[in-house]
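Each residue of the sequence shown is one higher than the last, beginning at 1 in full-length UniProt numbering.
Working notes, structure below.
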Amino acid sequence: MTATKGSNKESKDVSKKDVFQAVLLADNFENYIFGENCPFVPEGLISLNNRKVIDYSLEALISSGVHEIFVYSTRNTAELKDHIKNSKWSSLGSTINVVSSEDSQTLGDAMRDLDAKALVRNDFILVQAGVITNIALRPLLDKFRETVKQDKGAVMTLVHRKMSLGHRSRPRNVNHIVTVDSRSGKIISYNFKLSGKKLSIPLESIQQPEMDLYLDTVDTGIAVCSSCVLPLFTDNFDFTNMNDFIRGILINEEIMGISLDILQRWSYPLVPDMPLGAGQSSIYPFNYNFTYKGNNVKIDHGAEVGPLVIIGHNVEVGKSSSVVNSSLGDKCKVGQHVKITNSFIGDNVTIEDDCEIHEAVIAGNTTILKGTELKPWVLVEGKTQSRIALPNAEDDDESDSDSDIVPAGGQEGSDYEIDDDAAPGGIQDDDFIKFSGEVLDSLQRGFEENVATENLVLEINSSKYAYNISFKEVTVALTKGVLTLVVNLNPGFQEVALKTQWAKQKETILKFKDLFQHYIKTEESQRDLLNALEEYANDHLYYQPMLMQTLHCLYDDDILTEEAVLEWHSSESLYAAGKKLRSLVQQFVSWLENAESEEDSD
């Protein structure tokens, strides 16, 4: 990351809490606004009327008084940095930081990467690539903050503009309807693609008797985001684009509304104190203030439970704690001085003292450490290995460092950095070993049950974020997992004829072709794949004769490029069998070199 600082002294006097921040995407992760003729150039560096597109966006941000701009780039970052450094932007008073990551393949990846880097601390403006606007952005931020005061659940304001269907500036293939509460302006439904003449609107989410339907608006690519937007992308690994994010927020609100309706008995006889198919154990007696309690519930006399609360069996709630508009699963233990509002808590969850849980979902078998604050829309996954705690720092705005993330049962320690370049082939930590095991389990289930690729991606990404795994380690685990899987599925595999071995190995590789293509998209990821293959061959003698065929197969399937294979082959090996392995694939490498020379001669 590089920073270009201006000379305006006023920006140095702005308190951290009042810093006006913006995130500007230099790349478009969805459709290329200016066509797909130059997909390897950041959209921000495309010229428009002899000016770079990014200059229009920077002009809008700086003229609106933005103090700190984070330009996020995934390709040709050096060229982008040079452009900003050599332009007028370096002397106009705003701080411009170029953040780069070749691993980010979607908007969701970029948001999660920014969250991991802990660069954005306040509410901020998100500007998509290619945005050209003269709108004043500061009033949008001020209005958003006023909205948050009225609605604590507000996380984002989308900026749309009216534009007729035939307007020349309207993006192609954009056809959606936005349904908005007439009084509050809150989005009720967001239909991204319309088909036929029917429109689906969740009627139970409408708070006011009137609503507005907009067909003639387009997304400007500008959004005002609360500080919890980035953590929301981190907590919801399946959010890949803005549509996923919007849909996820609306669905979460719909789920919460339905839950409260049931507790308020609008769904009678489908209420907690009436028996359902699960039998007597599913009955929760109805108490005062729309509160339902299971068997063997212990609530301290100093605790407050209700209104609109359902508590499972064998639950304990400690002194001076409060639970409102929430559900607690079986065998939960809530400590002292805990506040829980508008949240769903699974079974076997322990919430230690002095925690605040607001509008969160906590899956079962999870421990929330003492002093944790879970802000709205946080989802904590139910794996004991991935339990997290976000310490509630009272003076966070004055603090120079972000709160540490502490594993369950651990202690706060010194700051540390994760080295994405650390080779998984060395001493492997427990998290990577556990992650690799889960990847192998997902692959085996995917092979045996024919699981869709997108579902496997969700499983792998879930484990990735649970164990804080780098993209490099994902590539290594995926590669070794596919090679190991064929051995696990075929007893005595190493004793059969080589021809039979390769037939089985090729079948497995082709089975996960789409999965490889999802993760192997950059030059760096191809290097990681090749190094993982070499490491596996170094450690497994039986596989060495199949290395060349594997490279050829991955090349034919457009997973590996000619350049990547040749670069790897000419590089120095880290392994004892390196020279032998390179000699084993020499025939394929020579074929690639001859093909390249023939193309050059043509």
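No residue lacks a Cβ here, since even glycine has one placed at the ideal position from N, Cα and C.
Do the CB positions of residue i and residue j come within less than 9 Å of each other?
i, j, result
"Tyr317", "Val349", "The sequence shown places Val at residue 317, rather than the Tyr named in the question. No."
"Leu530", "Thr453", "no"
"Tyr72", "Ser94", "no"
"Leu80", "Ala22", "no"
"Val324", "Lys298", "no"
"Glu352", "Lys331", "no"
"Ser227", "Val127", "no"
"Ile132", "Val218", "no"
"Thr475", "Gln505", "no"
"Trp568", "Glu593", "no"
"Asp27", "Ala129", "yes"
"Gly312", "Leu328", "yes"
"Leu119", "Val148", "no"
"Ile187", "Leu158", "yes"
"Thr500", "Leu485", "no"
So what's residue i in DSSP terms, helix, strand or just coil?
i, result
"Ile132", "coil"
"Thr363", "Residue identity check: residue 363 is Ala in the sequence provided, not Thr. The answer is coil: DSSP assigns Ala363 none of H, G, I, E or B."
"Lys319", "coil"
"Asn97", "strand"
"Glu352", "coil"
"Tyr465", "helix"
"Thr522", "coil"
"Glu102", "coil"
"Val178", "strand"
"residue 604", "Missing from the structure shown is residue 604; the chain here goes from 1 to 602 and no further."
"Thr574", "At residue 574 the sequence reads Leu, which differs from the Thr that was named. Residue state, collapsed to three classes: coil."
"His301", "coil"
"Lys293", "strand"
"Val565", "helix"
"Ile509", "helix"
"Leu443", "helix"
"Val589", "helix"
Give the straight-line distance between the Cα atoms of residue i and residue j, rounded to the nearest whole angstrom.
i, j, result
"Asp18", "Gly44", "28 Å"
"Tyr467", "Glu356", "24 Å"
"Leu230", "Arg112", "6 Å"
"Thr106", "Gln586", "36 Å"
"Met242", "Ala110", "12 Å"
"Ser320", "Val224", "37 Å"
"Gly65", "Ala363", "42 Å"
"Ser63", "Leu458", "41 Å"
"Ile345", "Glu563", "51 Å"
"Glu417", "Leu114", "Its pLDDT being 30, under 50, Glu417 is placed unreliably by the model, and nothing is read from it."
"Asp82", "Thr74", "15 Å"
"Met548", "Gln444", "24 Å"
"Val309", "Gly481", "45 Å"
"Ile340", "Asn488", "46 Å"
"Thr220", "His160", "5 Å"
"Leu25", "Lys162", "23 Å"
"Asp539", "Ala577", "9 Å"
"Gln544", "Met156", "53 Å"
"Asn86", "Ser343", "50 Å"
"Asp235", "Trp591", "46 Å"
"Lys579", "Ser573", "7 Å"
"Leu554", "Gln336", "57 Å"
"Trp89", "Asn97", "11 Å"
"Tyr292", "Asp347", "16 Å"
"Asn122", "Val361", "23 Å"
State yes or no: is the C-beta of residue i nearer than 8 Å to some heavy atom of the ligand ADP?
i, result
"Ala497", "As far as ligands go, the structure on display features none, and thus does not contain the ligand ADP."
Just reading off the beta strand (DSSP E) that residue i is part of, what are its end residues?
i, result
"Gly221", "Thr217 to Cys225"
"residue 646", "Nothing in the structure corresponds to residue 646, since the chain is present only between 1 and 602."
"Met111", "That residue, Met111, is in no beta strand (DSSP E); its alpha helix (DSSP H) goes Leu107 to Lys117."
"Ile310", "Val309 to Ile311"
"Arg161", "Met156 to Lys162"
"Phe70", "Glu68 to Ser73"
"Gln21", "Gln21 to Leu25"
"Lys339", "Lys339 to Thr341"
First and last residue of the alpha helix (DSSP H) that includes residue i?
i, result
"Tyr519", "Lys513 to Tyr519"
"Lys579", "Gly578 to Leu584"
"Ile559", "Segment: none, Ile559 is in no alpha helix (DSSP H) and carries neither H nor E."
"Leu328", "No alpha helix (DSSP H) holds Leu328; the beta strand (DSSP E) holding it covers Ser326 to Leu328."
"Ile54", "Val53 to Ser63"
"residue 611", "Absent from the model: residue 611. The displayed extent of the chain is 1 to 602, so no value can be given."
task = Mind the definition here: the segment 458-477 touches the segment 435-450 only if three or more C-beta pairs lie below 8 Å; say whether that holds.
result = Using a C-beta cut-off of 8 Å, the segment 458-477 makes contact with the segment 435-450, since at least three inter-stretch Cβ pairs fall below that distance.
ask   = Counting pairs of Cβ atoms below 8 Å between the segment 516-524 and the segment 550-570, do you hit three or more?
value = Taking 8 Å as the limit for Cβ pairs, the verdict is that the segment 550-570 does touch the segment 516-524.
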